[in-house]
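In this note's numbering, the protein residues as written are 368 to 442.
Beta carbons are placed, not taken as given, at the ideal position from N, Cα and C, and that holds for glycine.
This structure is a prediction, so every number in the text was calculated from the model and none was measured.
Step one of this worksheet: look at the structure below.
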Amino acid sequence: MAARGKGGSKGLQLSFMIHAMVYALVMVGLWRINTSTSSQFDWAGIVAWGWGIGLAAHGMVWLVFGRGGSGRRAA
Numbered sequence: 368m369a370a371r372g373k374g375g376s377k378g379l380q381l382s383f384m385i386h387a388m389v390y391a392l393v394m395v396g397l398w399r400i401n402t403s404t405s406s407q408f409d410w411a412g413i414v415a416w417g418w419g420i421g422l423a424a425h426g427m428v429w430l431v432f433g434r435g436g437s438g439r440r441a442a
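The following block contains the structure:
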């Protein structure tokens, strides 16, 4: 991970919040498409799980590196 300046923590927080909002909006759309079609298979759930794992990883990076946790590197 590249060294970040003073605003690095805010940048990580903002990027996580944007990621979470995009996830929520896209998942609402995908669930609507999935339920409105005659599909017997819940494919939107697979997308939610896969993307949710990535979102959780992004959140962990923010918690460890963005909030002054023990994982923060010295510049």
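Does the Cβ-Cβ distance between residue i and residue j come in under 9 Å?
i, j, result
"residue 426", "residue 391", "no"
"residue 415", "residue 400", "no"
"residue 383", "residue 431", "no"
If you run the structure through DSSP and keep just helix, strand and coil, what is residue i?
i, result
"residue 434", "coil"
"residue 404", "coil"
"residue 379", "helix"
Under the assumption that residue i contacts residue j (Cβ atoms under 8 Å), give the Cβ distance between them as a whole number of angstroms.
i, j, result
"residue 379", "residue 433", "3 Å"
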